[in-house]
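Residue numbers (full-length UniProt numbering), protein chains in the order written: chain A, 1 to 128; chain B, 1 to 128. Even glycine gets a Cβ: it sits at the ideal position worked out from N, Cα and C. Remember, predicted model here, so these are calculated numbers, not experimental data. Here's the structure, in structure tokens; my notes come after.
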DNA sequence: CAGAATCCTTAGTGATACTG
DNA sequence: CAGTATCACTAAGGATTCTG
């Protein structure tokens, strides 16, 4: 009997595997960008929209998302090659959620940064 | 002029600083657990609810969340010491969003795992 | 263009021991 | 109890080079 009605995240909880993909810096951005565009995007386009991501990290994020069925990858065997990424239905659902987080982050960034500055100031005081 | 109406995540975008905290494995769980309980939780309680987290990682996650004003930390100067963690108003908002993600992960874990298995099987085929 | 492969640096994680 | 401190280790990330 647990008197606590709250949530417990067990090690083998299947949701944790899913969360590990979503709780990733670049995955969040990829979902965000693809959600914001209804047309499929090419690799370099995607990369242009996510400043600071390296080709390696973006490739990896896209592979993980593809693997989990959130993103589909279409290769057009032309020269030069053309690869397009789009959200699957599953990905669109997830995108809605992660976009909500991104939006919240944007509108509350000031509050968070203020809290952070105050915290850091307090720390500096304590050290002095 | 950009013909693309989509989102771009600039390097200096303030939301990215916020996202870096939320896009963290343990932070998500902490917010989830604290959202699920309306009473404040102690360190070890929190840890019991998040299987597999080390004391170091949990401490770090809690510090980051406290720093960003999402979690408040109350020290009761008793012996033995008693430290309680609770969500701030800001944290409660964020918790709603991250809990939505956790819930989605839980209900869709099967679909994701199926996609993953299919992907891995295809890979194995290609290698053969 | 869209990557794969390589090397290298650093950040994250775990285990252990110690403290107010 | 709720941490801090330290060391060892692994995994993630960056820079660069190469290829169909």
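Legend entry - Neighbour flag for residue 95(A) against chain B, beta carbons, 8 Å: no
Inset, instruction - Going by CA-CA distance only, name the one from 26(B), 13(B) and 71(B) that's closest to residue 40(B). - result: 71(B)
Legend entry - 8 Å contact criterion, which residue 98(A) and residue 109(B) should meet: CB distance rounded: Rounded, the Cβ-Cβ distance is 17 Å, inconsistent with contact.
Legend entry - Same chain, Cβ closer than 8 Å to residue 21(A), neighbours up to 5 away in sequence not counted: 27, 64, 65, 68 and 70
Inset, instruction - Please go through the UniProt domain "HTH hxlR-type" (13-113) of chain B and give each complete alpha helix (DSSP H) segment of 4 or more residues, from N-terminal end onward. - result: 14-22, 25-36, 43-49 and 55-67
Inset, instruction - Measure from the alpha carbon of residue 6(B) to the alpha carbon of each residue in 23(A), 35(A) and 92(A), then state which is nearest. - result: 35(A)
Legend entry - residue 105(B) beta carbon less than 8 Å from that of residue 19(A): yes
Legend entry - Contact with chain A by residue 84(B), beta-carbon distance below 8 Å: no
Inset, instruction - Give the residues from the segment 8-21 of chain B that approach chain A closer than 9 Å (Cβ to any Cβ), ordered along the chain. - result: 8, 9, 10, 11, 12, 13, 14, 15, 16, 17, 18, 19, 20 and 21
Inset, instruction - Show which residues of chain B have a CB atom less than 8 Å away from the CB atom of residue 32(A). - result: 7 and 9
Inset, instruction - Leaving out five residues on either side along the sequence, give the residues of the same chain with a beta carbon under 6 Å from the beta carbon of residue 75(A). - result: 83
Legend entry - Cβ of residue 106(A) within 8 Å of any chain B Cβ: yes
Inset, instruction - Kindly say whether residue 102(A), judged by its beta-carbon, lies nearer than 8 Å to any beta-carbon of chain B. - result: yes
Inset, instruction - Measuring alpha carbon to alpha carbon, tell me which of 93(B), 8(B) and 44(B) ends up nearest residue 80(B). - result: 44(B)
Inset, instruction - Pull up the distance between the alpha-carbon of residue 118(A) and that of residue 125(A), whole angstroms please. - result: 10 Å
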